[in-house]
Amino acid sequence: MTPPETGAAAPLSLAVFVGPRGRGSNLLALHAAALEGRLSARIVAVVGSTETAPALERARGEGLPVAVVNPKAYDAEGDGYGDALLKVLREAGADSIALAGYLRRLPSPVVAAYRHRIVNIHPALLPSFGGKGMYGEHVHRAVLEYGAKVSGCTVHFVDEAYDTGPVILQKVVPVEEGDTPETLATRILPHEHAAYIEALQLLAEGRLAVKGRVVRVKAST
Ligand code: GRF
Numbered sequence: 007m008t009p010p011e012t013g014a015a016a017p018l019s020l021a022v023f024v025g026p027r028g029r030g031s032n033l034l035a036l037h038a039a040a041l042e043g044r045l046s047a048r049i050v051a052v053v054g055s056t057e058t059a060p061a062l063e064r065a066r067g068e069g070l071p072v073a074v075v076n077p078k079a080y081d082a083e084g085d086g087y088g089d090a091l092l093k094v095l096r097e098a099g100a101d102s103i104a105l106a107g108y109l110r111r112l113p114s115p116v117v118a119a120y121r122h123r124i125v126n127i128h129p130a131l132l133p134s135f136g137g138k139g140m141y142g143e144h145v146h147r148a149v150l151e152y153g154a155k156v157s158g159c160t161v162h163f164v165d166e167a168y169d170t171g172p173v174i175l176q177k178v179v180p181v182e183e184g185d186t187p188e189t190l191a192t193r194i195l196p197h198e199h200a201a202y203i204e205a206l207q208l209l210a211e212g213r214l215a216v217k218g219r220v221v222r223v224k225a226s227t
């Protein structure tokens with residue numbers, strides 16, 4: 007994929023990948039920002055793994071195009087799942103992907119085809135409290151049990167592993183006395199939405215320069 011030139015703000019043709027149980031709040035925040043002109047993007051596909059995913063229901067309610075690709079229908083060792091995702095992405099004309107509650111590792115052919123065009127939001131400050139199995143309540147519980155004094159969220163590019171790609175931006179949220187996983191998650195969520203819109207807008211404007219694992223934000227022109 008060829009990123010747009012700096013400052014070009016070519017609208018992203020964005021595919022949003024959701025998980026089987028996620029609420030879809032990030033999806034809806036991105037969609038609202040796109041409709042209101044705060045994010046230069048059009049959501050061209052919402053991709054889930056099961057017909058009944060709540061986030062897909064919400065996407066349908068918004069009139070967004072939905073695709074279901076069930077990884078269990080494919081041989082775990084083969085390329086079938088990745089090929090099926092690539093077909094959906096190409097048919098939708100997607101040039102970028104936002105993971106929003108998608109819990110799997112993306113098949114490497116997808117990562118390779120969309121290198122530095124795939125972003126994820128994680129509800130903690132990576133590289134802490136990330137990796138396989140670190141999602142939803144598990145993340146916030148781990149933060150509290152560790153005794154960390156701050157948490158927050160991280161938007162990062164996606165590579166072949168879990169939560170290890172170059173960091174685009176992070177927002178810090180203090181942990182408060184008496185926090186539960188639920189209260190901490192609730193306080194972090196609006197920061198997730200804001201961070202995701204901000205990061206994707208930078209991507210749309212061609213302002214993210216990746217060198218190794220360091221992402222530099224170029225000045226706007
Ligand atoms: C968010 O907490 C996000 O950080 C994580 O999965 C959750 C998805 O929530 N990757 P929602 O479905 O967008 O509300």
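Whatever position you read off the sequence shown (first residue = 1), add 6 for the numbering used here. Built from N, CA and C at the ideal position, the CB exists for glycine as well.
Neighbourhood of residue i by C-beta distance below 7 Å, restricted to the same chain and skipping five residues each side
i      : result
Ile203 : Ala35, Leu36, Ala39, Arg44, Leu45
Ala225 : none
Gln207 : Leu45, Ser46
Met7   : Bear in mind that a pLDDT of 49 at Met7, under 50, signals an unreliable position, so the number given afterwards is only what the model happens to contain. Here the set comprises Asp101, Tyr120, Arg123.
Pro172 : His162, Phe163, Val216, Arg219, Val220, Val221
Asp165 : Val117, Gly171
Range covered by the alpha helix (DSSP H) that runs through residue i
i      : result
Gly88  : 86-98
Pro77  : Careful: Pro77 lies outside any alpha helix (DSSP H) and carries neither H nor E.
His197 : 187-210
Contacting residues, own chain, Cβ-Cβ under 8 Å from residue i (five flanking each side not counted)
i     : result
Val24 : Gly30, Leu33, Val52, Val53, Gly54, Ala59, Ala61, Leu62, Ala65, Ala106, Gly107, Tyr108
Asp85 : Pro113, Pro115
Ser19 : Ala47, Arg48, Val50, Ala98, Gly99, Ala100, Asp101, Ser102
Close-in-space but distant-in-sequence residues of the same chain around residue i (CB under 6 Å, 5 per side omitted)
i      : result
Ser69  : A small fix is needed here, since residue 69 is Gly in this sequence, not Ser. Same-chain partners within the cutoff: there are none.
Ile103 : Ala21, Tyr120, Ile124
Val145 : Pro129, Ala130, Phe135
Val72  : Val52, Leu62, Ala65, Arg66
Leu95  : Ala21
Lys93  : none
For residue i: DSSP bridge partner residues
i      : result
Ile127 : Val161
Ser134 : For Ser134, which the question treats as bridged, DSSP gives no partner whatsoever.
Val117 : Partner(s): none; Val117 has no beta bridge.
Leu18  : Ala47
Val181 : DSSP lists no partner for Val181.
Range of the contiguous beta strand (DSSP E) that encloses residue i
i      : result
Leu214 : 214-217
Leu105 : 102-106
Arg222 : 220-223
Ala73  : 72-74
Threshold first: 3 residues or longer. Then list the beta strand (DSSP E) segments lying entirely within the region 21-66, N to C. 47-54
At 3 residues or longer, what runs of the beta strand (DSSP E) sit wholly inside the region 146-175? 156-163
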